[in-house]
Amino acid sequence: MNLLTLFRRRESAPVARERLQVLLAHERAVVGGSDLVAVLQEEILTAIAKHVAVDRDKVQVKLDRGDPISTLEIDIEVPTLMRAAVAGHG
Amino acid sequence: MAQVVVVTSGKGGVGKTTSTAALGAALAQGGGNVVVVDFDVGLRNLDLVMGAERRVVFDLVNVVQGDAKLHQALIRDKRLENLALLPASQTRDKDALTSEGVTRVVAELRDKFDWILCDSPAGIERGATLAMRHADVAVVVTNAEVSSVRDSDRIIGLLDSKTEKAERGQRIPKHLLLTRYDAARASRGEMLKTEDVLEILSIPLLGIIPESQEVLRASNIGAPVTLANPTSSPARAYAEAARRLKGEQIRVSVPVERSGFFGKLFGRRAVA
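In the order they appear, the protein sequences are chains A and B. All letters in the first sequence, in the order written, are residues 1 to 90 by our numbering. All letters in the second sequence, in the order written, are residues 1001 to 1272 by our numbering.
What follows is the structure, encoded as structure tokens:
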């Protein structure tokens, strides 16, 4: 470890500043308006459930808040097409 | 006209009670008639910091519920005759405060005092929203640390939506009081700088209170730091913050705590 890395290691304040800026940009949007992520998740699931049976316990939701974009990943386990068709007729 | 000030933060342990006591005493030293009100029902501490814990008979809950008159619950400070304390209850919980009761008590306090400083409990629940409800102005106490800044941001959102002023469509002035600040660490990049916190929260700065042993010493002996050691750096910073609260324009300096050899060393460096 040289002097430069020692110096860099101590500069944690800029990291704190950046993390806060990204986080608060999102939290302000959520608190100010509706909880967009929860609404999106619910509507997407409802749309899919119209056509196939969805097991709510097998839905994985991942959110990565970033700057400038965030990703919302909704992982839904869908029954195989055959079973889905049967479920649809039943 | 009376000014109701809420001292709030969201996060606990950042210095709300210390700041309420210190600002209250500083405002009283400036000549106003001042009352500090403890809204932390169930976990009262303003009485201890003010050194009045042995004189509490009735409290805010008794007055709110009509079991005691306001003048019976108010405790006059022994050092400053124009400073009073309205303690919180230690045995009840925050549901003992009714919205109508608090409204009535605050209106009564407005008739008697020039400054009403409400020490908010931590959190964003009922106790905190009742403390801010009738405020004309808010002092947001924040440490230069991520969780405190985040919680302050949340509290600022509540001030803009849950206060009477906000509901009437008015803007409630909010001031940042940066406490436990270590200028030497900030200059070394180990702590968020004042400018960082100001930029993130976007509210004007009321003052910067340095991290100091004097604050603990003052609470040990039960005196607001502005009275316990008026020449100490936190006391001077609070006194200036109180003058800004009254509308005086004073430049905010970054106070440096000088204690011991290293303190002096860093102190000089930060000042230079």
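Note that CB positions come from ideal geometry on N, CA and C, so glycine has one too.
In the DSSP assignment, find the beta strand (DSSP E) that holds A/Glu73 and state where it starts and stops. 71-76
Residue burial classification, B/Asn1220 (beta-carbon count within 10 angstroms, cutoff 16): Exposed is the call here.
Considering B/Asn1062, what are the terminal residues of the alpha helix (DSSP H) in which it resides? 1060-1064
9 Å is my cut-off, CB to CB: does A/Ser70 come that close to chain B? no
Between A/Pro79 and chain B, is the shortest Cβ-Cβ distance under 9 Å, so that the two count as touching? no
Would a check of beta-carbon distances place A/Glu73 closer than 9 Å to chain B? no
List, in order along the chain, the chain B residues whose C-beta lies closer than 9 Å to that of A/Ala16? Ala1144, Glu1145, Val1146, Val1149, Met1191, Leu1192, Asp1196
Closer than 9 Å, CB to CB, is A/Leu36 near chain B or not? no
Please state whether the Cβ-Cβ distance between B/Ala1122 and B/Gly1012 is less than 9 Å. Yes, they are a contact pair.
Evaluate B/Ile1155 with the Cβ neighbour count: other Cβ atoms within 10 Å of its Cβ, from every protein chain shown; 16 or more gives buried, anything less gives exposed. buried
Nearest chain B C-beta to A/Gln21 closer than 9 Å, yes or no? yes
Within-9 Å CB hit, A/Leu24 to chain B: yes
Does A/His26 come out as helix, strand or coil in the three-state DSSP assignment? helix
Pick helix, strand or coil for A/Asp57, following the three-state DSSP scheme. DSSP places A/Asp57 in helix when its eight states are reduced to three.
Within the chosen definition, does the segment 11-31 of chain A reach the segment 64-74 of chain A through at least 3 CB pairs nearer than 8 Å? yes
Cβ neighbours of B/Phe1261 in the same chain (closer than 8 Å, five flanking residues each side left out): A caution first: B/Phe1261 carries a pLDDT of 49, below 50, which makes its placement in the model unreliable, though a value can still be read off. Closer than 8 Å at Cβ, skipping near neighbours: no residue.
Through-space distance from B/Ala1068 to B/Phe1058, alpha-carbon basis: 7 Å
Taking the Cβ atom as the reference point for each residue, do B/Thr1018 and B/Asp1040 lie within a distance shorter than 9 Å? no
Would the beta-carbon of B/Ala1128 fall within 9 Å of that of B/Thr1008? yes
Alpha-carbon to alpha-carbon, B/Asp1114 and B/Leu1027: 10 Å
Per-residue DSSP class, three states only, for B/Thr1194: helix
Does any C-beta atom of chain B lie closer than 9 Å to the C-beta of A/Arg28? When Cβ-Cβ separations below 9 Å define contact, A/Arg28 makes contact with chain B.
Any idea if B/Gly1169 is buried or exposed, counting beta-carbon neighbours within 10 angstroms, 16 or more meaning buried? exposed
Less than 9 Å separating the beta-carbons of B/Val1149 and A/Leu20? yes
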